[in-house]
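See below for the structure under consideration.
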Amino acid sequence: MSGKPVLHYFNARGRMECIRWLLAAAGVEFDEKFIQSPEDLEKLKKDGNLMFDQVPMVEIDGMKLAQTRAILNYIATKYDLYGKDMKERALIDMYTEGILDLTEMIMQLVICPPDQKEAKTALAKDRTKNRYLPAFEKVLKSHGQDYLVGNRLTRVDIHLLELLLYVEEFDASLLTSFPLLKAFKSRISSLPNVKKFLQPGSQRKLPVDAKQIEEARKIFKF
Amino acid sequence: MSGKPVLHYFNARGRMECIRWLLAAAGVEFEEKLIQSPEDLEKLKKDGNLMFDQVPMVEIDGMKLAQTRAILNYIATKYDLYGKDMKERALIDMYSEGILDLTEMIIQLVICPPDQREAKTALAKDRTKNRYLPAFEKVLKSHGQDYLVGNRLTRVDIHLLELLLYVEEFDASLLTSFPLLKAFKSRISSLPNVKKFLQPGSQRKPAMDAKQIEEARKVFKF
Numbered sequence: 001m002s003g004k005p006v007l008h009y010f011n012a013r014g015r016m017e018c019i020r021w022l023l024a025a026a027g028v029e030f031d032e033k034f035i036q037s038p039e040d041l042e043k044l045k046k047d048g049n050l051m052f053d054q055v056p057m058v059e060i061d062g063m064k065l066a067q068t069r070a071i072l073n074y075i076a077t078k079y080d081l082y083g084k085d086m087k088e089r090a091l092i093d094m095y096t097e098g099i100l101d102l103t104e105m106i107m108q109l110v111i112c113p114p115d116q117k118e119a120k121t122a123l124a125k126d127r128t129k130n131r132y133l134p135a136f137e138k139v140l141k142s143h144g145q146d147y148l149v150g151n152r153l154t155r156v157d158i159h160l161l162e163l164l165l166y167v168e169e170f171d172a173s174l175l176t177s178f179p180l181l182k183a184f185k186s187r188i189s190s191l192p193n194v195k196k197f198l199q200p201g202s203q204r205k206l207p208v209d210a211k212q213i214e215e216a217r218k219i220f221k222f
Numbered sequence: 001m002s003g004k005p006v007l008h009y010f011n012a013r014g015r016m017e018c019i020r021w022l023l024a025a026a027g028v029e030f031e032e033k034l035i036q037s038p039e040d041l042e043k044l045k046k047d048g049n050l051m052f053d054q055v056p057m058v059e060i061d062g063m064k065l066a067q068t069r070a071i072l073n074y075i076a077t078k079y080d081l082y083g084k085d086m087k088e089r090a091l092i093d094m095y096s097e098g099i100l101d102l103t104e105m106i107i108q109l110v111i112c113p114p115d116q117r118e119a120k121t122a123l124a125k126d127r128t129k130n131r132y133l134p135a136f137e138k139v140l141k142s143h144g145q146d147y148l149v150g151n152r153l154t155r156v157d158i159h160l161l162e163l164l165l166y167v168e169e170f171d172a173s174l175l176t177s178f179p180l181l182k183a184f185k186s187r188i189s190s191l192p193n194v195k196k197f198l199q200p201g202s203q204r205k206p207a208m209d210a211k212q213i214e215e216a217r218k219v220f221k222f
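Protein sequence lines, in the order shown, are assigned to chains V and X.
Residues 1 to 222 (UniProt numbering) are what the first sequence spells out, left to right.
Residues 1 to 222 (UniProt numbering) are what the second sequence spells out, left to right.
As C-alpha cells, then:
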C-alpha cells in the first residue's frame, strides 16, 4: 500500500517538527496519529511498530521508519532535496548536523531543570550568536547564491529556515547582525509550499508553554 | 590534491573511532593529526578549518568535513557501503542511529560525574539488554542472512561490530542471550580488513582508564 505518510508522535514539535517541515516543503500531504496517553505509546511498542521503542516513527512506502535522521534522509532522497552528487550531500549533511545540534540545544531549554535554565540559556545564546549563525552567514556570503548548497533548494534550506524561526522566538535580537540570514529567511519563507505551511491552520506545531509541559510531564513521566 | 584522508581528533576513541573503523573496513589508509594541547585545537579554529569549531574533522577529497554523521555518510557512499537503493539506505540509517545512540550512552559513562555513575550504568545495561541488542538479534533472525541489510557488507555491519566490542568491554555477560549477535561478531571480525584493524599496532584506539581521562580533562577543560 502506498498513500500518504503517517506520522506517529505527540501533538508537539519535538523531534518530529523537522520532518513535518520537510514534507510540507516537498509538497507532500501527510496524516498524523497523535500519542495522547501512555497507553497509546504502549500499544505502538507492544505491536512491534517501534524498532527502538521510540518515536518519531513514520509509516512510508510500506516501511515503519524510526529515527529522525533516517526519516529525513529518506524523504530528502525521495523528493530530490538532497543535492546532485555525494560532495553536495556531504555539505548538506555537515550543515544539517550543525543545525540539528543548535535546534536540540534550544529545544532542551523548555524541559531543563529550573536551576540549570539560566546557564543553559546563556550558553545557547552564545552558541547561536558566536558559532552557528556566523558559520551560515559565511556560507551565504562565500557564494552569494540564494540557497545554501548547489544554487537550488535542498533540505538544508528548510532546516535552516526552521532554526531561524526558533531563534527568532527565542531572542529576535540574536539575528540582528546577520543580514544575509535575514534575507534568506524572507526568501525561503515566500516559497509557495513554505508560505502555505507558515499560515494558520497548517500542521505546523506551536511552542508549548510551561503549563503544557507540566501536563505532558505528568502523563508521560519524563 | 587527493591522497590519504587526514583525521583531526584527540588520541582517543570519542566521536572519531567509528570513522576510523569505517575507513579501515573499507581498506582505506588514513593519516591522523592528533590534537595534543589546547593550542593545537585553537590553531585549527583560528585557521578556519572547523566549520562549527568542533572536531572530528576529516580532510578528504579537497573538503574539510566536520560532523561525524556527515563524514560517515560520505565515506560509506564513496566506498559503496551504503546499500543498493534508498530503501536499503533507510534501514541502514535507522539501524546506524540506534547503534550511535547506545554507543554514545556507553561512551558518556566514562566522563559522567561520579554521583550519577551508578544510575547511568544501570540504565545503559538495561537499554543494551532490553532495547538495542534484542532489536538487532531480531533483524538477523528475521532474514537469516550474514549481514544486516541486503545480504552483503555495509557500514551498519561495521558500526554494529564496533558496538558489540564496546558492550563486551562494558559487561560481557550482556551478550549471553544473543546467539545470533555473537555469531555475527565472530563473522565480521574475521573479514580480512577488519581482522587487520583488530590486531595490535593498528590505528584502533584503546579504552581510556580513569587516570588518562583526568589528564585529558585538565588539558582540555571539559
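All C-beta atoms, glycine included, are put in the ideal place defined by N, C-alpha and C.
Treat the numbers as computed from the prediction; the structure is a model and nothing was measured.
Looking only at its own chain, which residues have a Cβ that is under 7 Å from the Cβ of residue i, when we skip the five neighbours before and after it?
| i | result |
| --- | --- |
| X:G98 | Y132, A135 |
| V:S37 | I219 |
| V:M51 | A66 |
| X:V219 | S37, P38 |
| X:K196 | S202 |
| V:V208 | A12, V110 |
| X:A124 | M105, I106, L109 |
| X:Q54 | A66 |
| V:D135 | The question names Asp, yet the displayed sequence has Ala at residue 135 of chain V. Here the set comprises G98. |
| V:K195 | S189 |
CA-CA distance, residue i and residue j?
| i | j | result |
| --- | --- | --- |
| V:F34 | X:K33 | 48 Å |
| V:L175 | V:E17 | 22 Å |
| X:N73 | V:D171 | 34 Å |
| X:A207 | V:S202 | 50 Å |
| X:D101 | X:R69 | 12 Å |
| X:I92 | V:K78 | 16 Å |
| X:T176 | X:L148 | 20 Å |
| V:M1 | V:D80 | Residue confidence for V:M1 is low, a pLDDT of 49 falling below 50, so the modelled location carries little weight and cannot support an answer. |
| V:R217 | X:L153 | 42 Å |
| X:L164 | X:S190 | 14 Å |
| V:Q199 | V:R20 | 14 Å |
| V:L91 | X:V139 | 32 Å |
| V:Y166 | V:K84 | 29 Å |
| V:T96 | X:Y9 | 21 Å |
| X:Q145 | X:D171 | 27 Å |
| V:E162 | V:M107 | 12 Å |
| V:R131 | V:L140 | 15 Å |
| V:K129 | X:F184 | 47 Å |
Can you name the start and end residues of the alpha helix (DSSP H) that residue i belongs to?
| i | result |
| --- | --- |
| residue 223 of chain V | Absent from the model: residue 223 of chain V. The displayed extent of chain V is 1 to 222, so no value can be given. |
| residue 234 of chain X | Residue 234 of chain X cannot be examined here, being either before or after the span of chain X that is shown, 1 to 222. |
| V:R15 | Taken as a continuous stretch (DSSP letters only), V:R15 belongs to no alpha helix (DSSP H), as it is neither H nor E. |
| V:P134 | 133–143 |
| V:T103 | 86–111 |
| X:Q116 | 114–127 |
| V:T121 | 114–127 |
| X:L163 | 155–171 |
| V:F220 | 210–220 |
I'd like to confirm the pairing. Which residues does DSSP put opposite residue i in its beta bridges?
| i | result |
| --- | --- |
| X:A66 | X:M57 |
| X:H8 | X:K33, X:M57 |
| V:A66 | V:M57 |
So, are the CB atoms of residue i and residue j less than 7 Å apart?
| i | j | result |
| --- | --- | --- |
| X:M94 | V:L100 | no |
| V:N193 | V:G27 | yes |
| V:L22 | V:I75 | yes |
| X:L22 | X:I188 | no |
| X:E15 | X:K205 | Reading the sequence as shown, one finds Arg at residue 15 of chain X and not Glu. Not a contact, by the Cβ cut-off of 7 Å. |
| X:R89 | X:Y79 | no |
| X:L181 | X:E137 | yes |
| V:D53 | V:K45 | yes |
| V:L153 | V:K185 | no |
| X:F30 | X:P5 | yes |
| X:T128 | X:V167 | yes |
| V:D40 | V:K4 | no |
So the beta strand (DSSP E) residue i belongs to, where does it begin and stop?
| i | result |
| --- | --- |
| V:Y9 | 6–9 |
| V:L160 | Counting along the chain, V:L160 falls outside any beta strand (DSSP E), though it belongs to the alpha helix (DSSP H) covering 155–171. |
| V:Y79 | Note, V:Y79: premise wrong, no beta strand (DSSP E); not H, not E. |
| X:M51 | Unbroken run through X:M51: none, as it is neither H nor E. |
Taking only beta-carbon atoms, is residue i less than 7 Å away from chain A?
| i | result |
| --- | --- |
| X:R131 | In the structure shown, chain A does not exist; the protein chains are V and X. |
Taking 6 Å as the limit between beta carbons, can you name the residues of its chain near residue i, skipping five residues before and five after?
| i | result |
| --- | --- |
| V:H8 | K33, V55, M57 |
| V:E137 | F178, L180, L181 |
| X:N11 | L34 |
| V:F222 | none |
For residue i, which residues from the same chain have a beta carbon less than 8 Å from its beta carbon, with the 5 sequence-adjacent residues on both sides left out?
| i | result |
| --- | --- |
| X:M1 | In this predicted model, X:M1 has a pLDDT of only 48, less than 50, meaning its place in the structure is not dependable enough to derive any value. |
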